[in-house]
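Encoded as structure tokens, the structure appears first; notes follow it.
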Amino acid sequence: MKKTAITFILLVLLTSMSITPAFAATSENDLEKVIISFEDSIDYQALEDMGAEIHSELDAISSVIATIPSATVMKADTEVSVKNIPEGPIFKAAAQQPSWGYQHIKAPSALKLGYTGKGVKIAVIDSGINSKHPDLSVAGGASMIDNTSPFTDGAGHGTHVAGVIAALNNSIGVVGAAPDAEIYSVKVLASSGAGTLEDVLEGIQWAIDQDMDIINLSLTTDFNIPELEALLKKANELGIIVVAAAGNIEIVDTRGNYVQNTADVLYPARYPSVIAVGSTDTNNRLSGFSYRGPSVEIVAPGQGIYSTFSTIATSGHDDYKSSEGTSVSTPFVSAVFAQYKEAYPHLTNAQLRASVKRAVIDLGVKGKDNLYGHGLVQSLQSKVALFPDLRTDYWYSESIQYIFDRGIVTGFPDGTYRPESTITRAEAMTMIGRALGLKTDATKHYFKDVKTDSYAAGYINKAYELGYIKGVTSTSFHPESPIKRGDMAVIMKRVFELTSSGGSTFSDVDASKYYADAVQATYENGIVQGYKIDNTFRPEASITRAENAEILSKSLKLQ
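Okay, here's the thing in structure tokens:
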């Protein structure tokens, strides 16, 4: 990093979030609460030189919240950003008004199947959660508001949100869409339902530090705040699923119609790392108050949603309330993600995000649109297999599980396995190389059509050196061509030194073909099967990913 001696300029975030120098009309003794950001790690010596009093650390984005003298000039050799924190609240709860919503997202089916969010940690960053409510179990939490407990809720908002996610499956009240999820109360909104930037940033940092799986943000702000965007981007990169309310339109014209004053949803839902949630009514139509725009990713029920609520002393079974808004829709989506996280613990947050989107009910115009995003969120509806597009207890199930457990396959970036898709010659050699533990540090490259930086290059080169494969020609391998069933049999015969009786089992395997003995050898060793319907092997057909899993797993079990 280039280092230069620079002067600190304090930047003030005004109500419009415009930025202006802070030196005007200040004295050397004035103090300012600021966000100080470093390019790499937090420079504590620089902070000491500034006379900074550190209030909290945002390690995820190499920043601190601190108080410094307004006229402080920094003379250290470092590059740094210093911005004032806007005074007063700028965040607000996104909603203030047995739930039909659970039925519309088909939550009862998931609960019946046993997908209840068990073991999934959800940070409800909100107004707190009243832990005394008999229909809630709060796993832990923290308050970013001075002298308040995270387990009290003066606004009732966080308690309502928590109930939508995880109200207990007991004999009273309501039941959440993920009743066994571990909910954590992260208090950043005051009893008024409003909160400061400092508190929200600290709340997100706490969720990161505590390794939360999901962050629920049923709050909005009109302002685009770079530090907020950076912190949520970091949370996403660390594997946390971040779900936020699209926002509620508050402007109504003389005819009673809602008037949206921006071209997209509010923040933080507008950030790409965040899943923006809109609201629907009982007819699966977009709620009039729901913000819309290109960032809307998914919608969920958000009108007349009955859930747990908080009073001054919650001690009975009657502390419930119906409410509406995108902040009520948001916890439905968080709960569905908890179901998916429990069912597919090995999938990344990006893969889970893609999987949930594929399962929605498309509303409005076909495909993604600015009103409904991809559509109405849906709970899990059937017992899941290893990947969302696999069948349970099917002929390939054991084999795919076997090679997955050994790190041979991981699925596609969208969380699918695609069992019926063909695999390329490069993909086949990568799987074989992983299965055999082949070293990929070969320095020589034997095929001109295999790029040196290809993910498969090392495996292809090493397999060639060991005599497991040959090229299509002397100088080409055709790495992107589908591999044939006959060719795979040949490779398995060479790798595992298989022998045959010399007979012929399949009617379509010509004895004069190069793969004839290999097909027979793999068949006699129980590695491959033919098609019973016509006693054929179809050696010229491309192998599917499911068939390849069968061949690999059975071959490895011979060792």
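Here the sequence shown stands for residues -24 to -1, 1 to 535, numbered as in mature numbering (1 follows the signal peptide of the UniProt record, and there is no 0). The beta-carbon is built from N, C-alpha and C at its ideal position, and this holds for glycine as well.
Less than 7 Å separating the beta-carbons of residue i and residue j?
| i | j | result |
| --- | --- | --- |
| V466 | Y440 | no |
| N212 | S310 | no |
| K68 | G132 | no |
| G117 | V162 | yes |
| A106 | S299 | The identity of residue 106 in the sequence shown is Asn, whereas the question assumes Ala. No. Outside cutoff. |
| L207 | I180 | yes |
| M468 | I503 | yes |
| Q315 | S283 | no |
| G254 | V275 | yes |
| K438 | L414 | yes |
| F423 | S452 | yes |
| I225 | Q236 | yes |
| G57 | S38 | As written in the sequence, residue 57 is Ser, which differs from the Gly given in the question. No. Outside cutoff. |
| S263 | D257 | yes |
| G351 | V336 | yes |
| I216 | M188 | yes |
| I61 | L173 | yes |
| R461 | A517 | yes |
| T46 | E8 | Sequence inspection shows Ser at residue 46; the Thr mentioned does not correspond to that position. Cβ distance < 7 Å, so S46 and E8 count as in contact. |
| R470 | Y444 | yes |
Does DSSP classify residue i as helix, strand or coil?
| i | result |
| --- | --- |
| T284 | strand |
| H31 | strand |
| D345 | strand |
| G387 | coil |
| P126 | coil |
| V485 | coil |
| G278 | coil |
| S518 | strand |
| P84 | helix |
| A220 | strand |
| Y243 | strand |
| L323 | coil |
| N60 | strand |
| A525 | helix |
| I379 | helix |
| P119 | Reading the sequence as shown, one finds Ser at residue 119 and not Pro. Reduced to three states, the DSSP call for S119 is strand. |
| F14 | strand |
| S305 | helix |
| N501 | coil |
| F67 | strand |
So residue i and residue j are in contact, right, with Cβ under 8 Å, and what is the actual spacing, rounded?
| i | j | result |
| --- | --- | --- |
| Y267 | A222 | 4 Å |
| I81 | P277 | 7 Å |
| S331 | P364 | 5 Å |
| I459 | A404 | 5 Å |
| T368 | I519 | With 8 Å as the limit, T368 and I519 do not qualify as a contact, their Cβ atoms being about 23 Å apart. |
| residue 555 | A142 | No answer is possible for residue 555: it lies beyond the span of the chain, which begins at -24 and ends at 535. |
| K210 | A36 | 4 Å |
Within a Cβ cutoff of 6 Å, which residues of the same chain sit near residue i, ignoring the five residues on either side of it in sequence?
| i | result |
| --- | --- |
| N501 | L474 |
| F(-2) | Low local confidence applies: a pLDDT of 31 at F(-2) is under 50, so the model's placement there is unreliable, and no value is given. |
| K94 | D156 and E318 |
| Y499 | T481 |
Give me, in chain order, the residues of the same chain whose beta-carbon lies closer than 7 Å to that of residue i; leave out the 5 immediate sequence neighbours on both sides.
| i | result |
| --- | --- |
| D240 | R246, G269, P270 and S271 |
| F388 | R394 |
| S531 | M468, F472 and I503 |
| Q496 | S476, G479, S480 and T481 |
| Y431 | T406 |
| A326 | P389 |
| K420 | N437 |
Is the region 149 to 164 in contact with the region 83 to 101, if contact means three or more CB pairs nearer than 8 Å? yes
Report yes or no: do the region 514 to 530 and the region 368 to 380 share at least 3 C-beta pairs separated by less than 8 Å? yes
Cβ contact (3+ pairs, closer than 8 Å) linking the region 38 to 45 and the region 19 to 27: yes
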